[in-house]
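Q:
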C-alpha cells in the first residue's frame, strides 16, 4: 500500500509540475532556446496606407504534405479553416492585451475581425500529394476591406482545427490554432519592395515519430519534403 | 497477493499518466505569438514554421530606441536570427 501511495504521490507531483506557471511559460526547448526569427524582419510604420499590397483575390492552399500512413485506406485528414482580415488598429489593440512573452491567443481575442473564407473538409483518400491538397481560388479580398483600412501592417489571420488519423501509426493527432501574416510579402528579387501577398498557405505533416508539424511558409507544390 | 496486484495497477496507471503528459507537452511545443518589449524597443513575433525541434517566427518591431535595430531587440529577447529554416 505504501508503494501505491508513493507512486501516486510522484505522479501527482509530475502533474502539478507540468501546469505550474514556470513550466507553462518556459518549456525549455520551445522558448528561449528554440525560437528563431528570420532575417528580413521589419520595422512597423503605423497606419501606412498601402492599397497596392492588397490582392484582389487570394488563394488558400492547405496541404497535408506527408504522413506515414498515406497509402493506408483507413487514414484520413479532417480540416476546419477560417480566414479573417484584422484591421491594423484592432490587431495591435489585441496584441497589447496579450500577456507579455509567449502565448496562444484565441479567436475571441481579436474583435473587429472580418471573415473572408471558411470551410470544412474530410479527406479519406490520401495516396497522392494532389489528394492531400485543398486548393481554393478566388477568395475576394481587396474589395472586402474598406479603403481606409488598407494599411500595410493590417493582418490576415487563419484559424484552423485539424485532425489526422494515421492508420500506419495507429494514432490520431489534433491541433488547433491561429496563424497571422501581413497582406504583403517581400518581392523575391528585391526584399526592400513590398508586393501583394496572393496565397495563404497552411501546411501539415505527420512525422514518423507521430508529431504533427505545422507551417505557413510557401512551399514547392510537388514536393513531399518538409 | 492483493498488495502485489495493487502495486502492479499503480505502476500501469503511473506509466500511462507519464506517457500521456509527455505527449501533451511535446505537442504544445511552439507558441503562436511572442510579444513584448525591452530596452531597445518592442517586438511582436508570429509563428511561421517548425522543424528539427525549432520554432520559427516572423517578427516586426516598433518604438525602437535611437541607434538600435530590430535585430538588437530580438537578440535581447532571446531569438536566434537565421536566414531561413534549416529544413
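Chains as they are written, first to last, in my numbering: chain Z, 110 to 335; chain U, 287 to 373. Just so you know, even glycine gets a beta-carbon here, dropped at the ideal spot from N, CA and C. Keep in mind the model is a prediction, meaning the values are calculated, not measured.
1) Please list the residues of the region 316 to 334 of chain U that have a C-beta atom closer than 8 Å to any C-beta atom in chain Z, keeping them in chain order.
2) Provide the residue span of the alpha helix (DSSP H) that contains residue 198(Z), from first to last.
3) In angstroms, rounded to a whole number, what distance separates the CA positions of residue 275(Z) and residue 352(U)?
4) With 8 Å as the threshold, decide whether the Cβ of residue 336(U) is near any Cβ in chain Z.
5) Is the distance from the Cβ of residue 191(Z) to the Cβ of residue 226(Z) below 8 Å?
6) Would you mind sorting residue 368(U) into buried or exposed? The rule is 16 or more other CB atoms within 10 Å of its CB.
7) Check the DSSP bridge columns for residue 334(Z) and list the partner residues they point to.
8) By Cβ distance below 7 Å, which residues in the same chain neighbour residue 171(Z) in space, the five residues on each side in sequence not counted?
9) Would you say residue 335(Z) lies against chain U (beta-carbon separation less than 8 Å)?
10) Buried or exposed for residue 178(Z), please, with buried defined as at least 16 other CB atoms from any protein chain shown within 10 angstroms of its CB.
11) What residues in its chain sit with their C-beta under 6 Å from that of residue 183(Z), if we drop five residues either side in the sequence?
12) Expressed to the nearest angstrom, what Euclidean distance is found between the alpha-carbon atoms of residue 264(Z) and residue 357(U)?
13) If you check the beta carbons only, do residue 150(Z) and residue 346(U) fall under 8 Å apart?
14) May I ask you to report which of helix, strand or coil DSSP gives residue 324(U)?
15) When you compare the region 152 to 161 of chain Z with the region 204 to 217 of chain Z, are there three or more beta-carbon pairs, one atom per stretch, that lie closer than 8 Å?
16) Between the Cα of residue 253(Z) and those of 156(Z), 158(Z) and 163(Z), spot the shortest distance and give me the residue it belongs to.
17) Can you give me, in chain order, the residues of the region 317 to 333 of chain Z that have a beta carbon less than 8 Å from any beta carbon in chain U?
18) Would you give the residue range spanned by the alpha helix (DSSP H) that residue 231(Z) belongs to?
19) Let me confirm a value: residue 203(Z) is counted as buried when at least 16 other C-beta atoms fall within 10 Å, else exposed. Which label applies?
20) Select from 223(Z), 159(Z) and 234(Z) the residue whose C-alpha is nearest the C-alpha of residue 181(Z).
21) Rounded to whole angstroms, what's the CA-CA distance from residue 251(Z) to residue 261(Z)? Just pull it up for me.
22) Any beta carbon of chain U sitting closer than 8 Å to that of residue 153(Z)?
23) Looking at the C-beta of residue 373(U), does it have a partner C-beta in chain Z at a distance below 8 Å?
24) Can residue 320(U) and residue 331(U) be called in contact, C-beta distance under 8 Å?
25) Which residues in the same chain as residue 284(Z) place their Cβ atom closer than 7 Å to its Cβ, once the five residues preceding and following it in sequence are excluded?
26) Quick one: what does DSSP say residue 161(Z) is sitting in, helix, strand or coil?
27) Taking 8 Å as the CB-CB cut-off, is residue 315(Z) touching chain U?
28) Which one or two residues does DSSP pair with residue 187(Z) in a beta bridge?
29) If residue 303(Z) and residue 295(Z) are in contact, beta carbons under 8 Å, what's the gap, nearest whole angstrom?
A: Let me spell this out:
1) 316, 317, 318, 319, 320, 321, 322, 323, 330, 331, 332, 333 and 334
2) As a first step, residue 198(Z) is located in the first chain; it is residue number 89 there, counting from the start. First-last of the alpha helix (DSSP H) with residue 198(Z): 197 to 206.
3) Here residue 275(Z) refers to the residue found at position 166 when the first chain is read from its first residue. Here residue 352(U) refers to the residue found at position 66 when the second chain is read from its first residue. Those two C-alpha atoms are separated by around 53 Å.
4) Here the question's residue 336(U) lines up with position 50 in the second chain. True, the Cβ-Cβ gap to chain Z drops below 8 Å.
5) Position 82 of the first chain holds residue 191(Z). Position 117 of the first chain holds residue 226(Z). Their beta carbons are under 8 Å apart, which means residue 191(Z) touches residue 226(Z) by this criterion.
6) Within the second chain, the letter at position 82 stands for residue 368(U). Looking at its Cβ environment, which holds fewer than 16 other Cβ atoms inside 10 Å, residue 368(U) is exposed.
7) Numbered from 1 along the first chain, position 225 holds the residue referred to as residue 334(Z). DSSP output for residue 334(Z) lists no bridge partner at all.
8) As a first step, residue 171(Z) must be located in the first chain, where it is residue number 62. Cβ neighbours of residue 171(Z) beyond the five flanking positions: 188, 190, 243 and 311.
9) Position 226 of the first chain, counted from the start, is the residue given in the question as residue 335(Z). Residue 335(Z) counts as touching chain U.
10) Within the first chain, the letter at position 69 stands for residue 178(Z). When all chains shown are included, residue 178(Z) counts as buried.
11) Translated into the one-based positions of the first chain, residue 183(Z) becomes position 74. Cβ within range, chain order: 276.
12) As a working note, residue 264(Z) is residue 155 in the first chain. As a working note, residue 357(U) is residue 71 in the second chain. Cα to Cα, residue 264(Z) sits roughly 22 Å from residue 357(U).
13) What you label residue 150(Z) is simply residue 41 of the first chain in a count that begins at 1. What you label residue 346(U) is simply residue 60 of the second chain in a count that begins at 1. The answer is yes: Cβ separation under 8 Å.
14) Taking the second chain and counting its residues from 1, the one referred to as residue 324(U) is at position 38. In the structure shown, residue 324(U) sits in a strand (DSSP, three-state: E or B).
15) no
16) Position 144 of the first chain holds residue 253(Z). The option with the nearest alpha carbon to residue 253(Z) is 163(Z).
17) 320, 321, 322, 323, 324, 325 and 326
18) Within the first chain, residue 231(Z) is the residue found at index 122, counting from 1. Counting along the chain, residue 231(Z) falls outside any alpha helix (DSSP H), though it belongs to the beta strand (DSSP E) covering 223 to 232.
19) Reading the first chain from its first residue, position 94 is the one you call residue 203(Z). So residue 203(Z) ends up on the buried side.
20) For the purposes of this step, residue 181(Z) is taken as the residue at position 72 of the first chain. Checked all of 223(Z), 159(Z) and 234(Z); the closest Cα to residue 181(Z) is 234(Z).
21) By one-based count along the first chain, residue 251(Z) stands at place 142. By one-based count along the first chain, residue 261(Z) stands at place 152. If you take the alpha carbons of residue 251(Z) and residue 261(Z), they lie about 13 Å apart.
22) Translated into the one-based positions of the first chain, residue 153(Z) becomes position 44. True, the Cβ-Cβ gap to chain U drops below 8 Å.
23) Taking the first residue of the second chain as 1, we reach residue 373(U) at position 87. Yes, residue 373(U) counts as interfacial toward chain Z.
24) On the second chain, residue 320(U) is found 34 positions in, with the first residue counted as 1. On the second chain, residue 331(U) is found 45 positions in, with the first residue counted as 1. Their beta carbons are under 8 Å apart, which means residue 320(U) touches residue 331(U) by this criterion.
25) Here residue 284(Z) is taken as the residue at index 175 of the first chain, counted from 1. Only 271, 321 and 323 meet the Cβ criterion.
26) As a first step, residue 161(Z) is located in the first chain; it is residue number 52 there, counting from the start. Of the three classes helix, strand and coil, the one that applies to residue 161(Z) here is helix, per DSSP.
27) In the first chain, residue 315(Z) corresponds to position 206, counting from 1. Taking Cβ atoms only, chain U never reaches closer than 8 Å to residue 315(Z), which makes this a no.
28) In the first chain, the residue the question calls residue 187(Z) occupies position 78. Its beta-bridge partners are 231(Z) and 272(Z).
29) Walking along the first chain from the start, residue 303(Z) turns up at place 194. Walking along the first chain from the start, residue 295(Z) turns up at place 186. Their Cβ separation, rounded to whole angstroms, is 7 Å, which keeps residue 303(Z) and residue 295(Z) in contact under 8 Å.
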